[in-house]
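First the structure, in the form of C-alpha cells, and then the observations on it.
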DNA sequence: AAAGTCTATTGATCTACATCAATGACTTAA
DNA sequence: TTAAGTCATTGATGTAGATCAATAGACTTT
C-alpha cells in the first residue's frame, strides 16, 4: 500500500524507520471518482495530495474558459501552494481527470511531521524546492516559447500524458485553444 | 550589519541564539556595482542572495530582447531556483540595477546550516514554500491577465518599484514591450 | 439503429500586442 | 554649448493566436 509513496519519498530524502512509523499513519487514503471536484476556487486548501494512481488537474477559469495549470499523474505530490502555505482562498480548482487513488495529509499534520526530525524537515524542504524549480521552469516556457515550441517540448518530455488526456486539455495546459493546437499538430504532421 | 537580515528571518522562523551564532558567519558580505553581472546564463548558481540595499534583477533573452523575470529590492532573499537547487546551468542572468549591498551564502553552507536544527530546517523550508507560492501567483498573472491588468496590479501592490526602475524594465517585467506599456499608461491617464 | 453528446478539425475573421520607424525630452561628456 | 547617448512617446503595419461558426467522426444512451 505504501510502497510507491516510500520509494518516491526515499528518492528525495531517506528517512529512518522511526520517522516512517510516525509519518505513515498521518496519511489518509482517499479515492476520487472521475470528474470529482476536490478543491473549489475560493476555498482554502488544507491538504497535500500524493497521487497513487489516476490523474488530477489544477485549473482556473479565464472568463468562462478553463485554464489548466498542471496535471498530476501517479507518484506525484502537490498542493495549491498559495492557498496551502499562505492559508489564502484558492485561485484554482482541483478535480480528477481519471478515477484516482491518493494519500492526503493535512497541513497541520505535515507541520507536526516536519518538526519531528531534521530528516523530515529536509524532506519537506526538498519538496518545496523541487516544486519551486519546476514552476519557475514552466513559467519560463510560457513566457519565452510559442505554442508550437511548448507543444514539442511537452511531446518530448511527457509523452505519456498524451495517451491519457484529451487534446483540449493538452491545449489548455499549453495555454492555447484547441483550435490552435489542432493547427499546430497539422503543421507538424504535414 | 546583520539587523535587517535577522529581522527578516525571524519573521519567517524564529531561531535560537546558538543557531544565529552558527549561521551568521556563513554569510559573506558583498557589494555589486550598478550594472554588474552576478550570474551568467549557462553557469550554475551556487549562492542564495539576501539584498541588504539596492536592486537586483533576474532575466534572460528572448532572441536579443531582455525578458526580466523578477526584481529584488532590499530585504529579499532569492536564487536562481532551477540552477541552485538542481545544479543545472542557469537559464537566466542576474545583474545589479542599482549599486547593491548583499549577503550571500553558498549552497553547501546552506545545507550544513539547514541540517543543524529543526528550527533552521524549518527556516529553509519556509523560504522555499513562500517563494513557491509567489512564483505560482506570478505565473497565474502572466497567463490569466492582460498587460493592462498586470500593470495595474503591479502599481497597486509594488508602487515603490516605479520610483526606482526605468519604465522599459517595468514593461519587460510585465511581459510586454516599452511601446505597449507607454500606450497602456496613456490610456489609463486619459 | 437512431438520437444526442463530445471532441477534433477546418475556415473566416478579429484583436492584443509586437515590430519597425521617427521624434522629442533628458542626461552626460567634452 | 554642443554632441551623443538614453528613454518615453506616437504612428504605421504585421502576426500569433483568439473567437465564431460549421462539419464530421467517435461514444453513449435509449
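Chains as they are written, first to last, in our numbering: chain A, 10 to 199; chain B, 10 to 199.
Where is the CB? At the ideal position from N, CA and C, for every residue including glycine.
Query: Span separating the alpha-carbon of residue 179/B from that of residue 105/A; Result: 39 Å
Query: Endpoints, the alpha helix (DSSP H) within which residue 21/A is located; Result: 12–21
Query: Coarse secondary structure for residue 25/B, derived from DSSP in three states; Result: coil
Query: Every unbroken alpha helix (DSSP H) within the stretch 125–190 of chain B, with a cutoff of 4 residues, ordered by chain; Result: 127–153, 156–166 and 176–183
Query: Residue 113/B and residue 67/B closer than 9 Å at C-beta; Result: no
Query: Limits of the alpha helix (DSSP H) - the one that residue 57/A falls within; Result: Per DSSP, residue 57/A belongs to no alpha helix (DSSP H); it is in the beta strand (DSSP E), 56–62.
Query: Closer than 9 Å to chain B by CB, residue 63/A; Result: no
Query: Chain B contact residues for residue 94/A, given Cβ-Cβ distances below 9 Å; Result: 135, 138, 139, 141 and 142
Query: Alpha carbon of residue 188/B to alpha carbon of residue 156/B, nearest angstrom; Result: 12 Å
Query: Chain B residues whose Cβ lies nearer than 9 Å to that of residue 184/A; Result: 152
Query: Nearest residue (CA-CA) to residue 139/A, options 11/A, 16/A and 22/A; Result: 22/A
Query: Cα-Cα separation, residue 16/B to residue 25/B; Result: 13 Å
Query: Beta-bridge partners of residue 102/A, as assigned by DSSP; Result: 68/A
Query: Identity of the residue in 38/A, 141/A, 163/A and 123/A nearest residue 95/B by Cα; Result: 141/A
Query: Endpoints, the beta strand (DSSP E) within which residue 120/A is located; Result: No beta strand (DSSP E) holds residue 120/A; the alpha helix (DSSP H) holding it covers 116–123.
Query: Same chain, Cβ closer than 6 Å to residue 123/B, five either side skipped, listed in chain order; Result: 129, 130 and 133
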